[in-house]
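Note that our numbering has the sequence shown beginning at 691, numbered continuously upward. The beta-carbon is built from N, C-alpha and C at its ideal position, and this holds for glycine as well.
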Amino acid sequence: MRASVKAHTNIALIKYWGKRDEQLFLPTNNSLSVTLDKFYTITTVEFDELLQSDQFFLNGKQAESNEMKKVAQFLDRVRTKANRTIYAKVDSENHVPTAAGFASSASGYAALAAASAKAIGLNLNQRELSQLARQGSGSASRSIFGGYVEWNKGIEEDGSDCYAAPILDTDAWDLRVLSVEVTTKAKKVLSRAGMKRTVETSPFFAGWLEAVEEDLITIKQALQERDFTKLGQVVEANALKMHATTLGANPPFMYWQSATVEVMQEVQALRERGIEAYFTIDAGPNVKVVCQPEDEQKIHDALAFLHVVHDIHHCRVGPGITYLTD
Ligand code: 2P0
691 MRASVKAHTN IALIKYWGKR DEQLFLPTNN SLSVTLDKFY TITTVEFDEL LQSDQFFLNG
751 KQAESNEMKK VAQFLDRVRT KANRTIYAKV DSENHVPTAA GFASSASGYA ALAAASAKAI
811 GLNLNQRELS QLARQGSGSA SRSIFGGYVE WNKGIEEDGS DCYAAPILDT DAWDLRVLSV
871 EVTTKAKKVL SRAGMKRTVE TSPFFAGWLE AVEEDLITIK QALQERDFTK LGQVVEANAL
931 KMHATTLGAN PPFMYWQSAT VEVMQEVQAL RERGIEAYFT IDAGPNVKVV CQPEDEQKIH
991 DALAFLHVVH DIHHCRVGPG ITYLTD
């Protein structure tokens, strides 16, 4: 009753920002991401009749109690599905620079969903795994798949039509993502709390929901046409709209630091010099830059020159989950 799975993290090109159901992790809008090759989690789950409770080790160390609690709650969902009461030992190795603003929860819960389902004997397809992973962390629903992935918000109250699905395969379009690290400080408002506050208090949230529908149509056209300019423009604009909603929240909050703005302005200056680069920013101060392979080095050199930039990680489009054998 043991299984190991590798899952990669993803970056949203059109953001998930807001839940319609917090217990089931049902979002207010569809989102669209690209899976990244560089950053991943490997998780081994072993169910064992002799265990008196669940155990969770993260990078070889016993996890803190709040993380343990979340994992145990997730395993409860898996046990309920399998109609079993057996406890598990979970070992997770994170190869995700959380300091660079990558959500390890995306790769973490995608790997945990697939490994725990297999270990307990559930035979779930990828759509069912996406639904299960979603209930650990919303963005994890997308990390089951490689390439370019859309997470459908669904309309059913039980979440039965809320899952991710691939739009383009891993090899379909070779774009690059540079993760530009400007700080390693922990953010003040976690994304879960941030999106909740925005939904409940920001007058701009209604505008976000309206705009995101249009942005999804545009990005899907860009993906089909392999039109990088169209894709980049909508990616950057969508991130700015997401961040605008936080300024209208009560109390207001902002994920950017001055260094964030400096990188954003450098990306825009690169475009004025004829080098096509576009930024996106998640719930944190670090910046991700999307570009085509031929411009990657030039963009790296320009950004590395800024004194606020600590590190730059280079990513390509990555694969979906893989089952590992011992
Ligand atoms: C995204 N983010 O689409 C958006 C953009 C942050 C900004 O998904 O509460 O850790 O676990 O469902 O998935 C980060 O939020 O939130 C996130 P929960 P999650 O990638």
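The region 853-871 makes contact with the region 993-1009; the number of CB pairs closer than 8 angstroms reaches 3 or more. Only residues of its own chain outside the window of five on either side were considered, and among them Asp744 have a CB closer than 7 angstroms to the CB of Ala762, listed in chain order.
Distance from the C-beta of Arg692 to the nearest heavy atom of the ligand 2P0 is not below 7 angstroms.
Nearest in C-alpha terms to Ile857, of all of Thr873, Ser820 and Tyr838, is Tyr838. With a cutoff of 8 angstroms on beta-carbon distance, Ala697 and Ala807 are scored as not near each other.
Per DSSP, reduced to three states, the secondary structure at Leu716 is strand.
Pairing Leu960 with Val979, the inter-Cα distance amounts to about 11 angstroms. Within a 10 Å sphere around the beta-carbon of Pro983 sit fewer than 16 other beta-carbons, which makes this residue exposed. Contact between Gly884 and Thr936 is confirmed by a C-beta separation of about 6 angstroms, below the 8 angstroms threshold.
Under the three-state reduction of DSSP, Asn813 is assigned to coil, being neither helix nor strand. Residue environment analysis places Lys759 among the exposed positions, since fewer than 16 neighbouring C-beta atoms fall within 10 angstroms of its C-beta. Per DSSP, the beta-bridge partners of His1004 are Leu868.
Looking at the DSSP output, Arg692 shares a beta bridge with Glu736.
Excluding sequence positions up to five before and after Ser892, its CB lies within less than 6 angstroms of the CB of Thr935, Gly938 and Ala939, all in the same chain and listed in chain order. By the criterion of at least three beta-carbon pairs nearer than 8 angstroms, the region 760-780 is not in contact with the region 702-711. In this model, Arg817 and His997 are separated by some 44 angstroms (Cα to Cα).
In this structure, Glu966 is the residue among Glu966, Glu890 and Leu814 with its C-alpha nearest to the C-alpha of Glu926.
DSSP places Phe729 in the strand class (E or B) of the three-state scheme. For Lys878, the closest alpha carbon among the candidates Phe943, Leu748, Trp863 and Gly922 is that of Phe943. Taking the Cα positions, Trp841 is about 16 angstroms away from Pro1009. With 16 or more other CB atoms across the displayed protein chains lying within 10 angstroms of its CB, Gly836 is buried.
The alpha-carbon of Leu748 is positioned some 44 angstroms away from that of Gly964. In the three-state reduction of the DSSP assignment, Val780 falls in the strand class, which pools E and B.
Burial is judged here by how many other beta carbons sit within 10 angstroms of a residue's own beta carbon; Ser948 has fewer than 16 and is exposed. Secondary-structure assignment with DSSP links Ile845 through no beta bridge to anything. Ser797 has its alpha-carbon roughly 8 angstroms from the corresponding atom of Ile834.
It is roughly 10 angstroms from the alpha-carbon of Asp905 to the alpha-carbon of Gln911.
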